[in-house]
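Structure, as structure tokens:
Numbering (the working numbering), first residue to last: 265 to 442.
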């Protein structure tokens, strides 16, 4: 792994492994500007054909997640309805003289009915809260669609922190070969 070393207006990537282990001199170093330019060019090459339409993908993902949630809650309501009806049938079949068993089944039935009602409320809340997609004007959508091709002209205007953040979205590491 190489570290960044700054001196005056220049910087370089330096291998400090030998220095850390044996207190020796740096074993390798590379000019930072040339390496950074190469990485940025590779970054642009990847983004150039990309049409950035992430908002549509996020919205579609949210809607799919919402559909899954509603499906899950519907199944939960059906399961709890079945459980409540089953306990009701058990309660109806018990001999009234077995008061202890009847009281236990009655509590179980009331609990099942309460859980069923709560599940129905959660389902109706989930169905009423459908995720809405954010309306984006056509001109803004068009400007984002071609940002991959326009990024090289915008790059010098960005702060170095913004550039670093953008590079980190795609670049996790740089491997060099002699």
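Virtual Cβ for every residue (Gly too), placed ideally from N, Cα, C.
Counting along the chain, the unbroken alpha helix (DSSP H) around residue 306 starts and ends at 296-311. Using a 10 angstroms sphere on the CB of residue 376, the tally of other CB atoms reaches 16 or more, which defines it as buried. In the DSSP annotation of this structure, the continuous segment of the alpha helix (DSSP H) that includes residue 428 starts and ends at 424-434. With a contact defined as Cβ atoms closer than 8 Å, residue 373 and residue 351 qualify at about 4 Å. When C-alpha distances from residue 430 are compared across 304, 327 and 439, the shortest belongs to 304. Secondary structure note for residue 276: it is in no alpha helix (DSSP H), and the uninterrupted beta strand (DSSP E) holding it is 274-279.
The beta carbon of residue 418 is closer than 7 Å to none in its chain, skipping five residues each way along the sequence. For the 8 Å CB-CB criterion, residue 369 and residue 354 form a contact. At a Cβ-Cβ threshold of 8 Å, residue 416 and residue 308 count as neighbours. The three-state reading of DSSP puts residue 265 in coil, since its state is none of H, G, I, E or B.
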